[in-house]
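In terms of the numbering used here, the numbers along the sequence shown are unbroken and rise by one, the last being 404. Where is the CB? At the ideal position from N, CA and C, for every residue including glycine.
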Amino acid sequence: MKKITEYFMTPISILGRECLEQVISYIKPMRFRKALIVTDKMLVENGLINSLLSLLDDSGTFYIIYKDVSPNPTVTQVDLGLKLYCDNGCDFLISFGGGSPHDCAKAIALLSTNTGKIHDYEGYNKSVKPSAPLIAVNTTAGTGSELTRFCVITDEERRTKMTINDWHVTPIIAVNDAALMTGLPPGLTAATGMDALTHGIEAYVSTNATPVTDCKALKAVELVLNNLLAVYKDGHNLEAREMMVYAEYLAGISFNNAGLGYVHAMAHQLGGFYNLPHGVCNALLLPAVMEFNLPVAAHKYADIARMSGIDTRDLSTEASARLVISKINELNQAMGLPTKLTAVKGFNAKDILLLAEHAIADICCLTNPRQGSVEEIEGIFTSII
């Protein structure tokens with residue numbers, strides 16, 4: 020059977036300490052008139068966004084700021100941002116922040132050139148026209164959203180997250196400047212770092228993995244496991260911050276092309292139902308899903324063990340794989356991340372069936388290495404109560 024591999028990523032990426040200033044050299048030749056900057060209130064209030072605004076002011080680029088994006092961007096926020104974009108005659112977007120502003124901006128950009136509501140684009144490649152141009156400036160090392168074709172928006176009515184997998188939402192420029200991340204709080208550093216780790220691991224064991232994605236996923240996992248705790252303890256460790264930038268970037272490339280798995284399918288439901296940070300949901304679910312996948316993915320988890328510095332010479336494949344799961348549990352605990360669903364505010368065990376039913380319908384399930392039933396997804400949730 021013939022297998023065709025497609026490869027997607029943003030056309031231009033700028034990485035390195037204090038690289039933000041380079042973005043103007045790309046914006047000016049494109050002759051954009053006015054940007055909608057999509058961000059959140061914290062980044063405006065703490066002044067981090069001022070470095071971007073100064074560059075735009077000096078270059079004579081007009082802009083309007085939309086700062087009402089929440090940690091889990093909603094349909095309502097997308098609609099409000101779209102109105103702002105259209106009413107103010109904008110012709111491109113800049114997202115500034117982590118995955119939430121990036122995802123909200125992607126949805127706005129998509130709807131600015133395509134008809135209907137964002138619900139219409141849930142699933143795979145449902146848009147007809149290219150989105151409005153989007154430049155994504157990253158301030159966290161986790162989501163990979165600044166370079167991917169994925170967009171996740173919370174449907175407030177259904178209390179679930181919609182996954183839009185559409186190559187048209189891919190930003191045209193991704194900016195990863197480690198200097199923008201030194202003030203990131205420890206909790207956010209931990210959550211976004213675990214998101215990057217999950218991306219790398221799920222991409223590596225994905226049924227759609229290739230040698231191209233494998234090498235990037237493995238290196239991403241190695242960099243996270245060797246740098247995340249250090250940068251959690253010292254947010255101004257610029258060397259570790261920069262390594263986490265490369266880790267999340269490589270992980271983003273890998274899952275953008277190989278896909279994800281049950282961790283993300285289930286995390287989308289937890290996050291949407293209880294309004295939890297996405298990275299925290301991934302951290303909570305990752306060890307349990309790895310246990311579920313062990314029968315078919317132990318050899319790949321053993322690869323990760325070797326890459327992370329674990330001595331596996333006298334160990335079986337399964338024993339090596341279990342050491343990685345233990346290491347991830349220990350990392351979660353060291354960073355104060357929850358390891359049980361009972362730590363989730365508002366959690367009710369009666370919700371598990373609904374969470375499982377929504378999870379198994381998530382597009383991320385398609386590339387999980389071991390396919391399960393709704394009952395088995397329930398079992399994974401139940402194992403971490």
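Residue burial classification, residue i (beta-carbon count within 10 angstroms, cutoff 16)
i	result
P306	buried
F292	buried
R177	exposed
F27	exposed
R50	exposed
P30	exposed
H318	exposed
K47	exposed
K359	exposed
I404	exposed
H13	The requested residue 13 is not part of the displayed model; the chain covers only 20 to 404.
Q96	buried
N367	exposed
D77	exposed
K235	buried
T167	buried
H377	buried
P90	buried
P230	exposed
V308	buried
I23	exposed
C105	exposed
V147	exposed
Of the listed residues the options, nearest to residue i (C-alpha basis)
i	options	result
E349	C383, L248, E394 and Y268	L248
Y268	T211, L374 and I323	T211
R149	R168, A160 and L129	The question names Arg, yet the displayed sequence has Pro at residue 149. When only C-alpha atoms are compared, the closest one is L129.
K136	I183, S119, E165 and I154	I183
Q186	K145, L279, I371 and I43	According to the sequence provided, residue 186 is Trp. The question's Gln does not apply to it. The candidate whose alpha carbon is nearest that of W186 is K145.
A126	N107, A151, G108 and I403	A151
M213	K252, K180, L203 and T162	T162
T179	T386, I191 and E141	E141
I192	E165, T208 and L199	E165
D233	N275, M262, D139 and V250	N275
S402	M263, I329, E310 and A321	E310
E261	M200, P314, V171 and P230	M200
L39	A380, L71 and T361	L71
G206	A197, V299, G365 and I220	V299
F169	N246, V243, D110 and Y143	Y143
E395	C383, L374 and I382	L374
T361	A353, C384 and F400	F400
T74	T217, Y45, V343 and N301	In the sequence under discussion, the amino acid at residue 74 is Leu, which differs from the Thr named in the question. Minimum Cα distance to L74 is reached at Y45.
L34	I23, H218, M263 and V363	M263
T217	A266, L289 and P90	A266
S345	H377, A302 and D370	A302
M326	G79, L101, I382 and V243	V243
A259	V224, N65, D196 and N312	D196
I379	S32, M181 and Y320	M181
I220	C105, L372, S32 and D322	D322
V315	L257, S225, K369 and K364	S225
K369	A228, E397 and T24	E397
A198	L101, K252 and L257	L257
M354	H138, Y320, G365 and K252	K252
L153	V188, D139 and T134	V188
R36	N294, V194 and L101	V194
E25	S32, Q352, A228 and I382	A228
C384	K364, N312, P190 and I371	N312
Whole-Å CB distance - residue i paired with residue j, under 8 Å assumed
i	j	result
V175	V94	The sequence as given places Glu at residue 175; Val does not occur at that position. Rounded, the Cβ-Cβ distance is 6 Å, consistent with contact.
Y8	K53	Outside the displayed span of the chain (20 to 404) sits residue 8, for which this structure offers no information.
G278	T132	The pair is not a contact, with the Cβ atoms about 26 Å apart (cut-off 8 Å).
L67	T158	7 Å
A222	A284	Between A284 and A222 the Cβ distance is about 14 Å, and since that is not below 8 Å, they are no contact.
A124	A160	Not a contact, Cβ separation roughly 19 Å.
V156	I113	6 Å
D122	V42	Not really, about 20 Å apart at Cβ, beyond 8 Å.
I329	S339	7 Å
L342	A324	5 Å
L55	L99	The Cβ separation is near 11 Å, so there is no contact.
L203	G254	6 Å
T173	P92	7 Å
8 Å Cβ cutoff, residue i in contact with chain C
i	result
T93	Absent from the structure is chain C; it holds one protein chain and no more.
Worksheet item: Is the number of C-beta pairs between the region 52-62 and the region 109-120 that are closer than 8 Å three or more?
Response: yes
Practice prompt. Please specify which runs of the beta strand (DSSP E), each continuous and at least 3 residues long, are wholly inside the region 149-215, giving them in chain order.
Written response: 153-157, 169-174, 179-184 and 192-195
Worksheet item: Where in the region 218-255 do unbroken runs of the alpha helix (DSSP H), each at least 4 residues long, occur, reported from the N-terminal end onward?
Response: 230-252
Item to complete: Tell me, please, whether the region 323-334 touches the region 383-390 by the rule of three or more beta-carbon pairs shorter than 8 Å.
Response: no
Practice prompt. Indicate whether the contact test is met: 3 or more Cβ pairs, each with one atom in the region 280-299 and one in the region 234-241, closer than 8 Å.
Written response: no
Worksheet entry | Start-end ranges of the alpha helix (DSSP H) lying completely within the region 77-122, minimum 4 residues | 94-106
Worksheet entry | Segments of 4+ residues assigned as alpha helix (DSSP H) that fall wholly inside the region 279-345 | 281-293 and 297-326
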